[in-house]
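S.K.: Residue numbers (the working numbering), protein chains in the order written: chain H, 11 to 204; chain B, 16 to 65; chain V, 247 to 436. No residue lacks a Cβ here, since even glycine has one placed at the ideal position from N, Cα and C. Bear in mind the structure is a predicted one, so any value in this text is a computation, not a measurement.
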Amino acid sequence: MLTAFFSQNSRTVITVAVLLLVTWFGYSDLRTAAFVAIEPFFQWMETTWFGVIGKTWGPVFAFIQAIHLLGLAVLGGTVLAGDGRLLNIVLTDVPAKIVVDRCHRVFVWALIALLATGIFMACGVAMKIYYLPVYWYKMLALVAGMLFHFYVRKPLLNHDIDELNPVVVKMVAIASILVWFLVAATGRWIGFSG
Amino acid sequence: MENSRGKNAQQRKDSERSALLVAQAFIVFSGIYWFLQLESVLELLELAYG
Amino acid sequence: MLNEFLYNIAVMLDDMRLSTLLHESYYMYNWVESTHVLFLMVSLGMLFLIDLRMLGLALPDVPASRIASRLTWPMAIGFSVMFITGILLFYAVPVRSTQSVWFRVKMLLLVAAAINAWLFHKRMNESVADWDNDRKAPSHIRRGAILSLAFWAIIVMCGRFIAYDWFDCIRGQSPFVEFVAGCVDGQSRF
């Protein structure tokens, strides 16, 4: 009975479990303990090649920042085009499935570029960002955005979009735009802080 | 045939439910986050200019 | 002569109360700059999708003319917001921006990118019926797309570099940099 329920609703059950787990973690003492435990890792990041280059070669750091911004532009474009189509705002005369699928491919490349340049930048200012709340907001939004995109949005849109509940599709599109803009906004705010 | 269609419909419902849950959570969180951000700016402006 | 004129205009802007308020306001300046960066996702995001479509790297099975025409409006909205916030950012720090090497290169490239965009659309509209459904656009259109990507990549880099003070007049520069940055002899504002 329970197995049958789980197998029929596995995605929903796992989603609820993750949401509850994150909420519990946010309010538990474990969060503080994890924050303290992870400090040596951030100290180590600054000693890596990326960290040393990022700290000592300002122009290289600035160059990588620019690449990061370009990746962000591509990612933003794919999110807005894909989700804009789901909201019936852009490319309304192209089948939604095609727009969403093709945008997803470019999205993955942009995300890889963002993660690679982001890791480099984080190494250069590891101890600064460690103490910045906005950096942790960004990480939360980024991880949430990636999980949402690959575990929730993509499997949902793999179904025939015309058969899906239009309200759910539109809410997913709005949530996707919001979460990626939050990632970008909190990322920019890191530069203003500290 | 009938069985696989039923399974597909079940999977679709499952995907829709999980998507709805997360989308709701994100929209509510974003609403609160941006409201607090704007409020903190307004508070500072009020402190500065009355 | 031109540099002195530009410097005097910048000083005049710098004397305005609103410029000082914007510059010294921690939140407002940052919000304007964040908006400038966030709308990069709207404007350049759309532009890059159009350029990548021409190169066959994005949405290759959607007609090129459709991608270009449908994404132009969101792109234009994005550029409008970037233009307004860009002016505000310049207005907040007018002297330093006027004498920034990166800002000057960025402005020149913006003009070049605009001319390239005009030529690109003109050439595309002339011949798009022949290759609309092809995965890749013809070579002369692809060249335009590559140029557009290159111009905007360098524009974004210059925009990012403006924040750094490597070539600021206040630091005392080589004659070449002073010439390019338009530093003015005996200037009192930086």
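Determine, using beta-carbon pairs with one atom in the region 109-123 of chain H and one in the region 83-93 of chain H, whether at least three such pairs fall under 8 Å.
M.R.: Judged by Cβ distances under 8 Å, the region 109-123 of chain H makes contact with the region 83-93 of chain H, as three or more pairs qualify.
S.K.: Under the rule that 16 or more other beta-carbon atoms within 10 Å means buried, what is residue 386 (chain V), buried or exposed?
M.R.: Exposed is the call here.
S.K.: Looking at the C-beta of residue 291 (chain V), does it have a partner C-beta in chain H at a distance below 8 Å?
M.R.: Closer than 8 Å to some Cβ of chain H, the Cβ of residue 291 (chain V) qualifies, so yes.
S.K.: Cβ of residue 83 (chain H) within 8 Å of Cβ of residue 291 (chain V)?
M.R.: In contact: residue 83 (chain H) and residue 291 (chain V) (Cβ atoms closer than 8 Å).
S.K.: Helix, strand or coil: which one does DSSP assign to residue 73 (chain H)?
M.R.: Helix.
S.K.: From which residue to which residue does the alpha helix (DSSP H) around residue 386 (chain V) run?
M.R.: Start and end: 385-407.
S.K.: Using beta carbons (cut-off 8 Å, strictly below), is residue 273 (chain V) in contact with chain B?
M.R.: It does: the Cβ of residue 273 (chain V) has a partner Cβ on chain B nearer than 8 Å.
S.K.: Check each candidate in V:271, V:383, V:424 and name the one with the smallest Cα separation from residue 314 (chain V).
M.R.: Out of V:271, V:383, V:424, V:383 has the C-alpha closest to the C-alpha of residue 314 (chain V).
S.K.: With 8 Å set as the bound, which would you pick, yes or no: does the beta-carbon of residue 184 (chain H) sit closer than that to a beta-carbon of chain B?
M.R.: Taking Cβ atoms only, chain B reaches closer than 8 Å to residue 184 (chain H), which makes this a yes.
S.K.: Output, in sequence order along the chain, the residues in the region 22-48 of chain B whose CB is closer than 8 Å to any CB in chain H.
M.R.: Taking 8 Å as the Cβ-Cβ cut-off against chain H, the residues of the region 22-48 of chain B that qualify are 23, 25, 26, 27, 29, 30, 31, 32, 33, 34, 35, 36, 37, 38, 39, 40, 41, 42, 45, 48.
S.K.: Is it buried or exposed, residue 394 (chain V), if we count other Cβ atoms within 10 angstroms and call 16 or more buried?
M.R.: It counts as buried.
S.K.: Using the C-alpha atoms, what's the distance from residue 29 (chain B) back to residue 226 (chain H)?
M.R.: Outside the displayed range of chain H (11 to 204) lies residue 226 (chain H), so it cannot be described from this structure.
S.K.: Relative to the C-alpha of residue 173 (chain H), which residue among B:18, B:27, B:54, B:21 is closest?
M.R.: Taking only the C-alpha atoms, the option nearest residue 173 (chain H) is B:27.
S.K.: Counting contacts by CB-CB distance shorter than 8 Å, is residue 59 (chain B) in contact with chain V?
M.R.: Closer than 8 Å to some Cβ of chain V, the Cβ of residue 59 (chain B) qualifies, so yes.
S.K.: If you draw a straight line from the C-alpha of residue 367 (chain V) to the C-alpha of residue 109 (chain H), how long is it?
M.R.: In a straight line, the C-alpha of residue 367 (chain V) is about 22 Å away from that of residue 109 (chain H).
S.K.: Answer yes if the region 407-420 of chain V comes into contact with the region 315-328 of chain V, meaning at least three C-beta pairs across the two stretches below 8 Å, and no otherwise.
M.R.: Short answer: they don't touch.
S.K.: So which residues of chain B does residue 169 (chain H) contact, with C-beta pairs closer than 9 Å?
M.R.: Correct list: 23, 26, 27, 30, 31.
S.K.: Which first and last residues belong to the alpha helix (DSSP H) in which residue 173 (chain H) is found?
M.R.: No alpha helix (DSSP H) holds residue 173 (chain H); DSSP gives it neither H nor E.
S.K.: Can you give me the C-alpha to C-alpha distance between residue 58 (chain H) and residue 131 (chain H), rounded to a whole angstrom?
M.R.: If I take the Cα positions, the gap works out to 12 Å.
S.K.: Is it right to say residue 205 (chain V) is buried, meaning 16 or more other beta carbons lie within 10 angstroms of its own, or is it exposed?
M.R.: Outside the displayed span of chain V (247 to 436) sits residue 205 (chain V), for which this structure offers no information.
S.K.: Pick out whichever of H:148, H:34, H:136, H:45 has its Cα sitting closest to the Cα of residue 48 (chain B).
M.R.: Selected option, being the one with the closest Cα: H:148.
S.K.: Residue 381 (chain V): buried (16+ other C-beta within 10 angstroms of its C-beta) or exposed?
M.R.: Exposed is the call here.
S.K.: Give a yes or no on whether 8 Å exceeds the smallest Cβ distance from residue 95 (chain H) to chain B.
M.R.: Answer no: the Cβ-Cβ gap between residue 95 (chain H) and chain B never drops below 8 Å.
S.K.: Please state the DSSP three-state secondary structure of residue 275 (chain V).
M.R.: Helix at residue 275 (chain V).
S.K.: Please identify, using Cβ separations under 7 Å, the residues of the region 336-359 of chain V that lie next to chain H, in order along the chain.
M.R.: Going along the region 336-359 of chain V in chain order, one finds no residue with a Cβ nearer than 7 Å to chain H.
S.K.: Just to confirm, are residue 268 (chain V) and residue 338 (chain V) a CB contact at a threshold of 8 Å?
M.R.: Their beta carbons are under 8 Å apart, which means residue 268 (chain V) touches residue 338 (chain V) by this criterion.
S.K.: Since residue 25 (chain H) and residue 162 (chain H) should fall inside the 8 Å C-beta cutoff, what is the C-beta to C-beta distance between them, to a whole number of angstroms?
M.R.: Sure, about 7 Å apart at Cβ, within 8 Å.
S.K.: Kindly list, in the order they appear in chain V, the residues whose Cβ is closer than 8 Å to that of residue 199 (chain H).
M.R.: Ordered by position in chain V, the residues that pass the 8 Å Cβ test against residue 199 (chain H) are 276, 280.
S.K.: Candidates H:75, H:68, H:98: which alpha carbon is nearest residue 197 (chain H)'s?
M.R.: Out of H:75, H:68, H:98, H:75 has the C-alpha closest to the C-alpha of residue 197 (chain H).
S.K.: So is residue 427 (chain V) in contact with chain H if we call contact Cβ pairs under 8 Å?
M.R.: Cβ-Cβ to chain H under 8 Å: no for residue 427 (chain V).
S.K.: If I'm right that residue 266 (chain V) touches residue 331 (chain V) with Cβ under 8 Å, what's the distance once you round it to whole angstroms?
M.R.: Residue 266 (chain V) to residue 331 (chain V), Cβ: 18 Å. No contact.
S.K.: Which residues in the same chain as residue 348 (chain V) place their Cβ atom closer than 7 Å to its Cβ, once the five residues preceding and following it in sequence are excluded?
M.R.: 404, 407, 408, listed in sequence order.
S.K.: Which bits of chain H does residue 399 (chain V) rub up against, with CB to CB less than 7 Å?
M.R.: Ordered by position in chain H, the residues that pass the 7 Å Cβ test against residue 399 (chain V) are 80.
S.K.: Which parts of the region 123-163 of chain H are runs of the alpha helix (DSSP H), unbroken and 4 residues or longer, counting only runs that do not cross its ends?
M.R.: Whole alpha helix (DSSP H) segments, 4+ residues: 136-140, 143-157.
S.K.: Can you give me the start and stop residues for the alpha helix (DSSP H) that residue 421 (chain V) sits inside?
M.R.: 421-427 is the extent of the alpha helix (DSSP H) around residue 421 (chain V).
S.K.: Check this for me: beta carbons of residue 71 (chain H) and residue 129 (chain H), under 8 Å apart or not?
M.R.: Taking 8 Å as the Cβ cut-off, residue 71 (chain H) and residue 129 (chain H) do not qualify as a contacting pair.
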